[in-house]
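Notes to accompany the following structure.
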Amino acid sequence: MSVAVKEAIQLLTNDKPSLRLTGIRQLKSIAEFIGPKQTQEELVPYLEQAAVDDTDEILIAIAEELACLGPLVSDAACLIRPLAVLARADMQCIRDAAIASFKTVCRDLPTSKCDTALLGTVERLASSSYYNEVVSACCLIPLAYSLCSTGQRSLLSMFSKVHESPLQIVQRAAADNMGDLADAVTSKKSVEDATFVVEKYLAMHVDDADNIRMANILGGPAVLRLTSTVIPKYTSTIDDTLAEACKDVSWRVRLCAATVFADWVGQIPRTPERTEKLASLFAGLMSDHEAEVRAKAAAGFLDVCRNVGEGDIVNTLLPTLSQHRVDSSDQVKKSTAAVVCGLAHHLTRHDVTLHVRPILFNFLADPSPEVKLNVLSTISGLVEKVGPEDENIRKAVALAVGTEGKAGGLSADVDWHIRDKLARLMPELCAIFSRPGAPLDTFTESLAGVLLRFLRDSVFAVRSTAVEMMARPIALCGTTWVRDRLVPQLSKLSKHLDYLRRITALQAIAAFAEPITELDPRLASPLLDVAGQAVMDKVPNVRLNAALTLGVLGMNVPDKTRVDSVGPLLTRLQSDSDADVRESAEKSIRMCHV
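Next up, the structure:
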């Protein structure tokens, strides 16, 4: 037995919960070592006993690790017993982990094993007088229905009893699992069972408790699939429940309707009448008086547009989207800003210019930085449709970004996280507005200039992001821009009083060495000058970074330059007073062979 496995086995019985947890996380290694027979006859029974009482974290870990033991035992059905113990736990998080492992284990079992072990477990849990066991049974009924060869009617009878329970928490479990049950019944294609599911769904749809109705409507798309596949005569009835949910008195039900709306509309074939009706319903959700409903609807706007006609988008949906420009909720505006540019894929160039562009301009001028970022991160499709030369879009983007560094632009935002996110968007923005093969225009240059400013940002993370994002603008802007704008910026930064800024300059040179020298080998000379000055810096960390940067430069310059210029500088650093600097210099010498 290896030392590691022996220690893991000892940890399983340790008094300290943290050490027991470590042992549980190594169950797979233990099982692999002791073999299938001992795992099944000794380890699994031990875990069944351990699952009765321990900390929540350990019980969750046992549930998760049991799912990994299926291939490591002779009969994976033996894992059902400890999982059944965990399915009886008081804490929902433990039961959820057990149910997830049940699904993993049972899907690999032969049907005969499911007929005995799984079906029996579900029956015992469902007949319990404790709500937690009944809830777990309800979660397992769809699994058992799809995997077992017999007992389907019995399982549906159990589900019916769960639904009729006086405890609302148990009823909620039935509603939560309605979608899974509908999918399971769809696979069996039983008309009788499908009718049962539809009846239960319709009963829950009119339940007095809104938490039952909201959970039920989330399973609606699966029930709609069931009816369209097995019992088409109920399809229109189920389809109508979405309309009722969209107008429910409870905003939580309307929120759930908005959540499933996009999935719902794609379940059955489109007809002009149906798409017109659905567009009208969705417009109602987009105009809902609850901000959370409007935000959720906006997030699914593009998915809905894929399933309705262009006329419905322009005449019914776009007006509601336009209202969100002045919405009182920032969350609604953020959700809408993230999808508005995507409309370019569903509309003609004329409609995009006429209807979408004004909305875009409003969001780019919004005082919320997140709203502007959401637009900029998705603007490529719209620019492609309208054209990168559109001066109004360029002007709006320039103001939103703050290409001149003025207050109000994202590049001057007081929150460094916003500046960091913008820095990550700049290469894409530069590429969107540049013209392949054309000379560098002033607008693209101004966008690249934002990254240059970020190189001297007060926050190290923003400077690092600017370094990371600069390669693409270098390729787009070309030799002249690198020589006249980038290199002078690095030279100036290398002389900054703050040693961290000087380190940024060196890290930038190391990152840019390859793309710059590929662009024009002559540009290596000014980069070497900057790195060479850092060799004499008073701060050891700067000299250390100089050594590393010289190593990278050495691999990207001609042999003569490497020997005549890089070599002497690294040799000097080899005798530096700081041991780390000397080590870095030696590493660079080996790396570039000088």
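Okay, so the sequence shown: first residue is 1 according to UniProt numbering, each after it adds one. Think of the CB as a built atom: it goes at the ideal place given N, C-alpha and C, for glycine as much as any other residue. Fair warning: this is a prediction, and the values are worked out from it, not measured in the lab.
Provide the residue span of the alpha helix (DSSP H) that contains Leu-569, from first to last.
Residue numbering aside, residue 569 sits at position 569 when the sequence shown is read from its first letter. Here the alpha helix (DSSP H) through Leu-569 covers 567-574.
Examine the Cβ distances between the region 501-520 and the region 548-555 and report whether three or more of them are shorter than 8 Å.
Taking 8 Å as the limit for Cβ pairs, the verdict is that the region 548-555 does touch the region 501-520.
Assuming Arg-501 contacts Arg-456 under a Cβ cut-off of 8 Å, what Cβ separation, rounded to an integer in Å, is found between them?
For the purposes of this step, residue 501 is identified with residue 501 of the sequence shown, where counting begins at 1. For the purposes of this step, residue 456 is identified with residue 456 of the sequence shown, where counting begins at 1. Yes, they are in contact, since the Cβ atoms of Arg-501 and Arg-456 sit about 7 Å apart, within 8 Å.
Can you say whether Gly-35 is buried or exposed, counting buried as having 16 or more other CB atoms within 10 angstroms of its CB?
The residue labelled residue 35 in the question sits at position 35 within the sequence shown. Its Cβ having fewer than 16 others within 10 Å, Gly-35 is exposed.
So, Leu-181 versus Pro-142, is the Cβ gap smaller than 8 Å?
Working through the sequence shown from its first residue, we reach residue 181 at position 181. Working through the sequence shown from its first residue, we reach residue 142 at position 142. Their beta carbons are under 8 Å apart, which means Leu-181 touches Pro-142 by this criterion.
Quick check on Tyr-201: buried or exposed, where buried means 16 or more other Cβ atoms within 10 Å of its Cβ?
Counting from 1 along the sequence shown, the entry for residue 201 is found at position 201. Looking at its Cβ environment, which holds 16 or more other Cβ atoms inside 10 Å, Tyr-201 is buried.
Rounded to whole angstroms, how far is the Cβ of Leu-226 from the Cβ of Val-197, which I believe are closer than 8 Å?
The residue you call residue 226 lines up with position 226 of the sequence shown. The residue you call residue 197 lines up with position 197 of the sequence shown. Their Cβ separation, rounded to whole angstroms, is 6 Å, which keeps Leu-226 and Val-197 in contact under 8 Å.
State the DSSP-derived secondary structure class of Ile-231, mapped to helix, strand or coil.
Taking the first residue of the sequence shown as position 1, residue 231 is located at position 231. Ile-231 falls in the coil class under three-state DSSP.
If I'm right that Val-253 touches Ala-262 with Cβ under 8 Å, what's the distance once you round it to whole angstroms?
Your numbering for residue 253 matches position 253 in the sequence shown. Your numbering for residue 262 matches position 262 in the sequence shown. At roughly 17 Å, the Cβ-Cβ gap does not stay under 8 Å, so Val-253 and Ala-262 are not in contact.
Alpha carbon to alpha carbon, how far is Ala-531 from Glu-586? Give it in angstroms, no decimals.
Numbered from its first residue, the sequence shown carries residue 586 at position 586. Numbered from its first residue, the sequence shown carries residue 531 at position 531. Roughly 16 Å between the two C-alpha positions.
Distance between Pro-272 and Ala-299 (C-alpha atoms, nearest Å):
Walking along the sequence shown from the start, residue 299 turns up at place 299. Walking along the sequence shown from the start, residue 272 turns up at place 272. Cα to Cα, the separation comes out at about 24 Å.
Got a sec, what are the start and stop residues for the alpha helix (DSSP H) Ala-471 sits in?
As a working mapping, residue 471 is identified with position 471 in the sequence shown. In this chain, the alpha helix (DSSP H) harbouring Ala-471 covers 471-481.
Which residue wins for smallest C-alpha separation from Pro-237, given the options Arg-435, Ile-268, Asp-210 and Thr-353?
Locating residue 237 in the sequence shown gives position 237, where the first residue counts as 1. A small fix is needed here, since residue 237 is Thr in this sequence, not Pro. Among Arg-435, Ile-268, Asp-210 and Thr-353, the Cα nearest to that of Thr-237 is on Ile-268.
Own chain residues within Cβ distance below 8 Å of Asp-115, not counting five before or after
Here residue 115 corresponds to residue number 115 of the sequence shown, with the count starting at 1. Cβ neighbours of Asp-115 within its own chain (closer than 8 Å, five residues either side excluded): Cys-148, Ser-149, Thr-150 and Gly-151.
Taking three-plus beta-carbon pairs below 8 Å as touching, is the region 486-497 in contact with the region 430-447?
no
In its own chain, which residues sit with a C-beta less than 8 Å from the C-beta of Gly-478, not counting the 5 before and 5 after it?
Within the sequence shown, residue 478 is the residue found at index 478, counting from 1. Once the five neighbours on either side are set aside, the close Cβ partners of Gly-478 are Leu-440 and Leu-519.
If you follow the alpha helix (DSSP H) that Arg-254 is part of, which residue opens it and which one closes it?
Working through the sequence shown from its first residue, we reach residue 254 at position 254. Arg-254 -> alpha helix (DSSP H) spans 251-265.
Can you tell me which of the three DSSP states Ala-209 falls into?
Translated into positions along the sequence shown, residue 209 becomes position 209. Looking at Ala-209 - three-state DSSP - the assignment turns out to be coil, as it is neither helix nor strand.
Among Thr-353, Ile-474, Val-459 and Ile-393, the one whose alpha carbon lies nearest that of Pro-427
Here residue 427 is taken as the residue at index 427 of the sequence shown, counted from 1. Here the closest residue by C-alpha is Ile-474.
Measure from the alpha carbon of Leu-570 to the alpha carbon of each residue in Ala-547, Arg-590, Asp-564 and Pro-558, then state which is nearest.
Along the sequence shown, one-based indexing puts residue 570 at 570. That would be Ala-547, whose Cα lies nearest to the Cα of Leu-570.
Which of the three DSSP states, helix, strand or coil, is assigned to Thr-150?
Translated into the one-based positions of the sequence shown, residue 150 becomes position 150. Three-state result, Thr-150: coil.
For Ile-60, collect the residues of the same chain with a Cβ closer than 8 Å to its Cβ; drop the 5 residues on either side in sequence, then sort them by chain order.
Numbered from its first residue, the sequence shown carries residue 60 at position 60. Only Cys-93, Ile-94 and Ala-97 meet the Cβ criterion.
Between Arg-81 and the rest of its own chain, which residues show a CB-CB distance below 6 Å, the 5 nearest in sequence each way excluded?
Along the sequence shown, one-based indexing puts residue 81 at 81. Hits under 6 Å: Glu-48.
Can you name the start and end residues of the alpha helix (DSSP H) that Ser-446 belongs to?
Stepping through the sequence shown from its first residue, residue 446 is reached at position 446. Looking at the DSSP string, the run of the alpha helix (DSSP H) that includes Ser-446 is 442-454.
Apply the 10 Å Cβ neighbour rule to Val-535 and answer buried if 16 or more other Cβ atoms are within range, or exposed otherwise.
Along the sequence shown, read from residue 1 onward, the residue named residue 535 stands at position 535. Result: buried.
Starting from Gly-375, trace the alpha helix (DSSP H) both ways and give me its first and last residue.
Here residue 375 is taken as the residue at index 375 of the sequence shown, counted from 1. Note that residue 375 corresponds to Val in the displayed sequence, not to Gly. Note, Val-375: alpha helix (DSSP H), 369-376.
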